[in-house]
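Residue numbers (full-length UniProt numbering), protein chains in the order written: chain A, 1 to 239; chain B, 1 to 239. Heads up, the beta-carbon is just placed ideally off N, CA and C, and yes, glycines get one too.
Number of protein chains: 2
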Amino acid sequence: METQESGEVGSIGDWAACAADPGYRAAVLDLLGALAYGELSAFERLAEDAKFAPGLVDKAALARMASAEFQHYQQLHDRLAEVGADPTEVMTPFVEPLEAFHRLTAPSDWLEGLVKAYVGDAIATDFYREVAVRLDDDTRDLVLRVMADTGHAEFAVERVRQAIADDPRVGGRLALWGRRLMGEALSQAQRVVAERDALSNLLVGGARVQGFDLVEVGKMFTRITEAHTRRMAALGLAS
Amino acid sequence: METQESGEVGSIGDWAACAADPGYRAAVLDLLGALAYGELSAFERLAEDAKFAPGLVDKAALARMASAEFQHYQQLHDRLAEVGADPTEVMTPFVEPLEAFHRLTAPSDWLEGLVKAYVGDAIATDFYREVAVRLDDDTRDLVLRVMADTGHAEFAVERVRQAIADDPRVGGRLALWGRRLMGEALSQAQRVVAERDALSNLLVGGARVQGFDLVEVGKMFTRITEAHTRRMAALGLAS
Numbered sequence: 001m002e003t004q005e006s007g008e009v010g011s012i013g014d015w016a017a018c019a020a021d022p023g024y025r026a027a028v029l030d031l032l033g034a035l036a037y038g039e040l041s042a043f044e045r046l047a048e049d050a051k052f053a054p055g056l057v058d059k060a061a062l063a064r065m066a067s068a069e070f071q072h073y074q075q076l077h078d079r080l081a082e083v084g085a086d087p088t089e090v091m092t093p094f095v096e097p098l099e100a101f102h103r104l105t106a107p108s109d110w111l112e113g114l115v116k117a118y119v120g121d122a123i124a125t126d127f128y129r130e131v132a133v134r135l136d137d138d139t140r141d142l143v144l145r146v147m148a149d150t151g152h153a154e155f156a157v158e159r160v161r162q163a164i165a166d167d168p169r170v171g172g173r174l175a176l177w178g179r180r181l182m183g184e185a186l187s188q189a190q191r192v193v194a195e196r197d198a199l200s201n202l203l204v205g206g207a208r209v210q211g212f213d214l215v216e217v218g219k220m221f222t223r224i225t226e227a228h229t230r231r232m233a234a235l236g237l238a239s
Numbered sequence: 001m002e003t004q005e006s007g008e009v010g011s012i013g014d015w016a017a018c019a020a021d022p023g024y025r026a027a028v029l030d031l032l033g034a035l036a037y038g039e040l041s042a043f044e045r046l047a048e049d050a051k052f053a054p055g056l057v058d059k060a061a062l063a064r065m066a067s068a069e070f071q072h073y074q075q076l077h078d079r080l081a082e083v084g085a086d087p088t089e090v091m092t093p094f095v096e097p098l099e100a101f102h103r104l105t106a107p108s109d110w111l112e113g114l115v116k117a118y119v120g121d122a123i124a125t126d127f128y129r130e131v132a133v134r135l136d137d138d139t140r141d142l143v144l145r146v147m148a149d150t151g152h153a154e155f156a157v158e159r160v161r162q163a164i165a166d167d168p169r170v171g172g173r174l175a176l177w178g179r180r181l182m183g184e185a186l187s188q189a190q191r192v193v194a195e196r197d198a199l200s201n202l203l204v205g206g207a208r209v210q211g212f213d214l215v216e217v218g219k220m221f222t223r224i225t226e227a228h229t230r231r232m233a234a235l236g237l238a239s
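Rendered as structure tokens:
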């Protein structure tokens, strides 16, 4: 069957059908809450990085990306309200893990900020793409829409490559930084997985899986780490 | 005549007709450059204030306003490019005066940030409305569009009033703060007026006025200050 060859699983139905299962509903609210606060947090981080920008063109580029992240937040917020959830309540469990990540990975300059925006965005995109295949049609469409490229990648790659070309020593420092970002991201993600049962169940096999398979979560994190390694190499950085 | 009674001046024509005069073109580029950097700077300030927000709802409200300011910036940027100007070059003379204003009026908490957003926005709106009547039709439409309310006023007034109701001593501190904001804004505005001849000519009488009338600029600043006084009173603050 074609769907097997492409590694995709079939549709599990739309939101109305799936959300009848309280476990599924709780898991998706968790997921959307994490994603929504992630977008709001990305807005803040990019706006903050805009202050480091070496010129008006770069400053405006960062502000544009921040603004795009906010539009994504708004869509997730509206969807949460639409399905009868309180967006603030749903986001709250993810505030502290994300703030901890940002506190532990505060960029000290413009290039570290760019690498963080690039790496952070890519890890988040990988994660939500892994999860998207297990979601009902309505939620999957929303998740894929808000994970659409905001132009981070191209912008960051171009500027980081130029900086390494100008001064190769920059590469060593940023490679270390990339490793630290990945380590902190994994550590906060594992914390969330450990604390949010419904979400974890969704991650390892969709609504129909009961029980919690740490091995499957481990494999997912391994795939995400491998993708990170390839991206860092593409950026000219050893990970 | 009705137009005289309402205090409006008639149309001076569209951009194509007016921009044939190099003095007019230079003045409008100055104006749009100041406005564009003002919007980018407002984006940054609001995003920064979002960090002080006491909760997720307020944080998201500030991020929404910041995002709206960025959309305004984008419209001004695109217009500058459309008329063949280099947006960065045109904004550059206004970076330092605006940054000086922000440096001298960094809010120390959430309420000071709100009052600053409200007062700063209102002063800017008054200023651009004063100027709008002297502009060609195309530029006037753009200026009025980007000065449209982004929801600052209502949001700030409601929260500041509540804070004063909760603790009347807050009012005295914020009244002092409002006075300081107005003083620094006037001081930076006068600096810009002194440095930008074409812009100043536009302010005092439109493209057809030669020579620079300090008395007229002074009257405009007086009107803006009076409006500020009324707004502070409405906020429950003596100015």
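Given a cut-off of 7 Å on the beta-carbon distance, is the pair residue i and residue j in contact?
i	j	result
A/MET91	B/LEU56	yes
A/TYR37	A/VAL95	yes
residue 250 of chain A	A/GLY178	Past the boundaries of the shown model lies residue 250 of chain A; chain A is included only from 1 to 239, so the question cannot be answered.
B/GLU39	B/HIS72	yes
B/LEU76	B/LEU32	yes
B/GLN188	B/PHE127	no
residue 244 of chain A	A/ALA132	Outside the shown range of chain A, which is 1 to 239, sits residue 244 of chain A, and nothing can be said about it.
B/TRP15	B/ASP136	yes
B/VAL217	B/LEU202	no
A/LEU181	A/VAL119	yes
A/GLU89	A/MET220	no
A/ILE123	A/ALA185	yes
Can you name, in chain order, every residue of its own chain whose Cβ lies under 6 Å from the Cβ of residue i, other than the five neighbours on each side?
i	result
A/ARG196	ASP30
A/ALA26	ALA198
A/LEU35	LEU76
A/ASP121	HIS152
A/ALA227	ASP126
A/ARG191	PRO97
A/ALA63	ALA50
B/GLU5	In this prediction, B/GLU5 has a pLDDT of 40, which is less than 50 and means its spatial position is unreliable; nothing more can be read from the coordinates.
B/ARG79	LEU142
residue 242 of chain B	Since the displayed chain B opens at 1 and closes at 239, residue 242 of chain B lies outside it and no answer follows.
Excluding five sequence neighbours on each side, which residues of the same chain lie with their C-beta closer than 7 Å to the C-beta of residue i?
i	result
A/GLY171	ILE164, GLY236 and LEU237
B/ALA61	PHE155
A/THR125	MET147
B/ASP109	PHE52
A/PHE139	According to the sequence as given, residue 139 of chain A is Thr; it is not Phe. The answer, listed in chain order, is TRP15 and VAL28.
A/LYS59	ALA50 and ALA53
B/ALA42	GLU69
B/ARG159	LEU114
Keeping to the same chain, check which residues put their C-beta closer than 8 Å to that of residue i; ignore five residues upstream and five downstream.
i	result
A/ALA207	Note on A/ALA207: pLDDT 44, under 50, position unreliable in the model; no value is reported.
B/ALA81	PRO87
A/VAL225	One detail in the question is off: residue 225 of chain A reads as Thr in this sequence, not Val. The answer, listed in chain order, is MET182 and LEU186.
B/ARG161	LEU235 and GLY236
A/GLN210	In this predicted model, A/GLN210 has a pLDDT of only 43, less than 50, meaning its place in the structure is not dependable enough to derive any value.
B/ARG223	ASP126 and GLU130
B/LEU46	LEU62, ALA63, MET65, ALA66, GLU69 and ALA117
A/PRO157	The residue you asked about is not Pro; residue 157 of chain A is Val in the sequence shown. So the qualifying residues of the chain are TYR118, ALA234 and LEU235.
What I want to know is whether the C-beta of residue i ends up closer than 6 Å to one or more non-hydrogen atoms of the ligand FMN.
i	result
B/ALA189	Here there are no bound small molecules, and the ligand FMN is not part of this structure.
contact_flag[the region 45-55 of chain A, the region 99-113 of chain A] where n(CB pairs < 8 Å) is 3 or more: yes
Uninterrupted alpha helix (DSSP H) stretches inside the region 49-120 of chain B (no shorter than 4 residues): 56-82 and 87-104
Three CB pairs or more closer than 8 Å across the region 139-159 of chain A and the region 59-74 of chain A: yes
Alpha helix (DSSP H) segments (min. 4 residues) lying fully within the region 132-177 of chain A: 137-146 and 152-166
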